[in-house]
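When we follow the working numbering, the leftmost residue of the sequence shown carries the number 90, and every step to the right adds one. All C-beta atoms in this analysis are idealised placements derived from N, C-alpha and C, irrespective of residue type, glycine included. One structure below.
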Amino acid sequence: MNLFCQPVPGYNAPAGEPPNKRSQGMHSYGFFRNRLLLPFMGLLLMVLGLPGEDLDAQERQTLTFPDLMKVRQVRSPIISSGGGWVALEAVPDRGDGEVLVYSTDGRTSYSIPMAGGPVISADEAWVAAGVEPSFEERETLERSELPRPGLALLDTGSGALMEWEDVQRFAFSPDGRWLIRLHHAADEASEEAEGGQHEGQEGAAQPEEEAREEAGGAEGQESEEPRVREDPGTLMVLRDLSSGEETEIQDVKRFSLHPESPWLAYVVASPGGEGDGLYLHSLEPGSQP
90 MNLFCQPVPG YNAPAGEPPN KRSQGMHSYG FFRNRLLLPF MGLLLMVLGL PGEDLDAQER
150 QTLTFPDLMK VRQVRSPIIS SGGGWVALEA VPDRGDGEVL VYSTDGRTSY SIPMAGGPVI
210 SADEAWVAAG VEPSFEERET LERSELPRPG LALLDTGSGA LMEWEDVQRF AFSPDGRWLI
270 RLHHAADEAS EEAEGGQHEG QEGAAQPEEE AREEAGGAEG QESEEPRVRE DPGTLMVLRD
330 LSSGEETEIQ DVKRFSLHPE SPWLAYVVAS PGGEGDGLYL HSLEPGSQP
């Protein structure tokens with residue numbers, strides 16, 4: 090039975106003119122389309138809380154702009170390798186986001202404020218996430234004045250939260266025992282302040298240094314300035330999550346972890362070139378960098 094070619098109730102073809110099946114089909118299509126849309130329109134009004142017959146209820150339940158601002162997007166959802174934990178990033182249109190962590194049995198949940206990009210360790214004992222500047226800071230400060238991203242580490246067993254500042258990259262070892270974090274370079278403002286202090290301390294010695302330079306120039310001797318790398322490496326920290334002990338390695342430019350074995354490779358680029366090279370470090374217990 091073809092529903093779209095059946096006569097529409099109340100429709101009669103003009104006298105002496107044969108019924109137009111196409112016209113009948115289109116009228117019938119419109120009839121059934123309206124019959125289908127009406128229930129959906131009613132359901133939509135119920136979901137939005139805007140019943141057409143009750144104006145008072147409509148005013149009480151109208152969706153306002155502040156309500157819309159509270160709606161958050163779900164980003165970067167992940168589930169642990171063992172299936173015991175789920176983490177996601179909840180981001181509002183305007184405001185501070187957070188990382189939400191849930192146990193899949195529904196018994197435990199945690200929140201990491203102003204965080205994003207969660208990562209769960211292989212043993213499900215830890216969740217790490219990057220920490221971003223607050224919404225207020227992003228709105229009121231210049232880009233050059235914004236604090237650098239940091240790192241938050243959540244213990245899924247106790248809920249304890251640790252944080253570090255100025256972290257540009259982090260990663261768990263394949264077995265989840267180690268957390269490697271690579272820091273940003275020292276703040277330029279603090280370096281300038283330290284440089285000013287050094288200049289003040291050395292100010293008294295300037296006449297003596299100038300005299301030496303004049304003497305050296307008179308003798309025709311020229312001293313070569315040592316080469317200084319403009320963009321050297323920074324501090325890398327290896328944290329043993331089982332004990333809390335940390336190992337610091339200076340002037341690291343980048344690092345990489347093997348996905349299946351306990352090996353860490355990193356590149357050293359020092360300001361003066363001392364010790365530059367590619368290094369391989371075992372993450373086995375008792376090994377030294």
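Item: With H, G and I counted as helix, E and B as strand and the rest as coil, what does DSSP make of Ser170?; Value: coil
Item: Quick check on this structure: which residue in Ala214, Ala218, Val220 has the alpha carbon closest to the alpha carbon of Ser247?; Value: Ala214
Item: I'd like the list of long-range same chain contacts for Asp185, defined as Cβ closer than 8 angstroms, with 5 residues on each side in sequence excluded.; Value: Pro202, Met203, Ser223, Phe224
Item: What does DSSP give as the partner residue(s) for Val357 in the beta ladder?; Value: Val341, Gly366
Item: For the beta strand (DSSP E) holding Thr323, just list the boundary residues, first then last.; Value: 323 to 329
Item: Suppose the cutoff is 8 angstroms on Cβ atoms and the five residues either side in sequence are ignored; what does the same chain contact list for Gly172 look like?; Value: Thr193
Item: Is the CB-CB distance between Glu252 and Ala241 below 7 angstroms?; Value: yes
Item: Does the separation of the CB atoms of Phe259 and Ala217 fall below 7 angstroms?; Value: yes
Item: Using beta-carbon positions only, say whether Pro321 and Ser359 come within less than 7 angstroms of one another.; Value: yes
Item: Identify every residue that forms a DSSP beta bridge with Ser371.; Value: Trp352
Item: Could you please give the first and the last residue of the uninterrupted beta strand (DSSP E) stretch that includes Arg270?; Value: 267 to 272
Item: Is Ala176 closer than 7 angstroms to Ile394 when the C-beta atoms are compared?; Value: Lying outside 90 to 378, the shown extent of the chain, residue 394 is not represented and no answer is given.
Item: To the nearest whole angstrom, what separates the beta carbons of Asp329 and Asp264, a pair I think is in contact under 8 angstroms?; Value: In fact, because the Cβ distance is near 12 angstroms, the residues do not count as touching under 8 angstroms.
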